[in-house]
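Read in numbering that gives the first Met the number 0, the sequence shown has 30 at position 31, and its numbers run on one by one without any break.
Just so it is clear, CB atoms sit at the ideal spot from N, CA and C, and this is done for glycine as well.
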Amino acid sequence: MSQKISRRQFAVRGAVGIAAVAAPGLLLAQTPPKEPPPPVSDAELQAIEKQLAKPLTEEARKLLKTAVEESKKSSIKRKKTRITDSTEPCFLFIPPPREQVRP
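Here you go:
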């Protein structure tokens, strides 16, 4: 027949049941730690510097490194942005005057 359980055993079994139901929700609610953006490598800076006519000074190299880092951060943010109906964002193109265009 059925066993009689004490109030204490009933409370323990109830607490275990509640914990079993709540545990998966708590595990899913935890967010993984944010990964820092990948650092700018020297190879990237050298590839950019090869395209220039003159070598960069140390100060200009530091500015270039920060600019590339900021560009990477903004591209990561841009990729996270979702457009509601899969349309492309609108932009305005203004062609430069004919005098400013190089031949």
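Excluding sequence positions up to five away, which residues of its chain have a Cβ less than 6 Å from the Cβ of residue i?
{"i": "Val67", "result": "Val39"}
{"i": "Lys78", "result": "none"}
Give me the Cα-Cα distance between residue i and residue j, rounded to the nearest whole angstrom.
{"i": "Arg6", "j": "Gly13", "result": "10 Å"}
{"i": "Leu51", "j": "Leu63", "result": "12 Å"}
{"i": "Val15", "j": "Glu69", "result": "49 Å"}
{"i": "Thr86", "j": "Leu55", "result": "40 Å"}
{"i": "Cys89", "j": "Ala19", "result": "50 Å"}
{"i": "Thr80", "j": "Gln8", "result": "52 Å"}
Of the residues the options, which one's Cα is nearest the Cα of residue i?
{"i": "Glu43", "options": "Val15, Lys53, Lys3 and Arg60", "result": "Arg60"}
{"i": "Thr65", "options": "Ser1, Asp41, Ala22 and Pro23", "result": "Asp41"}
Could you check where the alpha helix (DSSP H) with residue i kicks off and where it finishes?
{"i": "Leu123", "result": "No information on residue 123 is available, as it lies outside the stretch 0 to 102 that the chain covers here."}
Which of the three DSSP states, helix, strand or coil, is assigned to residue i?
{"i": "Phe90", "result": "coil"}
{"i": "Ser1", "result": "coil"}
{"i": "Lys49", "result": "helix"}
{"i": "Asp84", "result": "coil"}
{"i": "Val20", "result": "helix"}
{"i": "Val39", "result": "coil"}
Whose C-beta lies closer than 7 Å to the C-beta of residue i among residues of the same chain, with five residues either side of it excluded?
{"i": "Ile47", "result": "Leu63"}
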